[in-house]
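As structure tokens, the structure follows; a few thoughts come after it.
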Amino acid sequence: MRKPFVAGNWKMNTDSQSSVTLARGVAEGSVESAGRNVDVAVCPPFVYLQSVARAVSSSSVAVGAQDVYFEKKGAFTGEVSAAMLKEIGCTYALCGHSERRHVLGETDELVNKKVTAAIAGGLLPILCVGELQSQRESGRTEEVVTRHVTKGLAGLSGAKVSAVTVAYEPVWAIGTGLTATPAQAQEVHALIRKLLGDLYDNETAEATRILYGGSVKPDNAAELMSQRDIDGVLVGGASLKVEDFLGIIQAAV
Ligand code: PGA
């Protein structure tokens with residue numbers, strides 16, 4: 007039985023004060039549900055990771071980074087290593103979020119290095135995959151998602167892959183208010199689970215959590231998560247409001 011997982015991706019939002027207020031609100035509001043029935047994580051901007059980690063430290067809310075670099079240390083201006091993130095209390099790291107793929111030009115090869123480095127550094131990567139609207143319209147969803155997952159996990163053993171969460175986020179649904187229907191999302195989740203079975207084995211496929219992301223709100227979260235292969239959600243906009251995020255956590259319980 008896969009435990010539901012709700013993660014909030016704050017993107018480039020909040021400030022030093024509001025990040026801590028938001029984190030505290032999530033920690034206090036999810037006391038009953040977080041940990042026992044559902045795993046909860048928040049992913050603030052790098053600069054607020056440490057203060058947010060402190061703010062949630064006595065709760066079961068975990069902290070994730072929105073990105074991680076694949077080298078351990080050295081002359082990589084502006085980058086942050088897995089060890090640095092781990093040291094300040096991060097548990098998770100998003101890898102290959104569509105905004106990084108499409109705005110910053112991250113390739114599958116780079117994403118794979120980040121996933122691999124995150125695991126080596128003791129973090130749990132959340133590998134984000136998903137097609138553009140034009141790719142869906144031209145019938146290429148399966149091809150794109152298969153490539154993102156296969157290349158994103160390249161070289162990882164079954165044991166290593168147990169650290170990975172996959173997040174299916176159709177790019178056309180991110181920040182647009184256009185959510186994939188539960189049936190559309192379930193179809194791709196089932197495809198990803200089958201692919202994990204082909205790449206690894208049935209046990210790995212059944213154990214791996216696959217989240218849906220893209221305009222998840224309190225009023226659509228429950229129906230999405232009721233689908234067989236949707237094990238939780240990765241939430242952008244609605245994770246910036248305590249009540250909305252708590253509503254989504256509640257829908258996962
Ligand atoms: P959204 O973002 O919920 O605002 O659509 C989701 C994401 O990008 O992870």
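Position in the sequence shown (from 1) plus 6 gives the number in the numbering used here.
Where a beta carbon is used, it is the ideal one built from N, C-alpha and C, also for glycine.
| Thr182 beta carbon near the ligand PGA (any heavy atom closer than 8 Å) | yes
| query | For His195, is the beta carbon positioned less than 8 Å from some heavy atom of the ligand PGA? | reply | no
| query | Opposite Leu133 in the DSSP bridges: which residues? | reply | Cys101, Val172
| CB Thr97 to CB Ala173, shorter than 9 Å? | no
| Looking at C-alpha atoms only, which residue of Ser232, Lys166, Val155 is the closest neighbour of Gly102? | Val155
| field | Asp250 classed as buried or exposed, judged by whether at least 16 other C-beta atoms fall within 10 angstroms | value | buried
| C-beta atoms of Gly70 and Leu100 nearer than 9 Å | yes
| request: Compare the beta carbon distance of Gly219 and Gly136 with 9 Å and say whether it is the shorter of the two. | output: yes
| message | Within 10 Å of its beta-carbon, does Met231 have 16 or more other beta-carbons around it, so buried, or fewer, so exposed? | response | buried
| query | By a C-beta neighbour count over all protein chains shown, 10 Å radius and 16 as the cutoff for buried, is Ser104 buried or exposed? | reply | buried
| Going by DSSP, which residues form a beta bridge with Asp45? | Phe11
| query | Per DSSP, what kind of secondary structure is Gly35 in: helix, strand or coil? | reply | helix
| query | Nearest-angstrom Cα distance between Thr185 and Glu193? | reply | 14 Å
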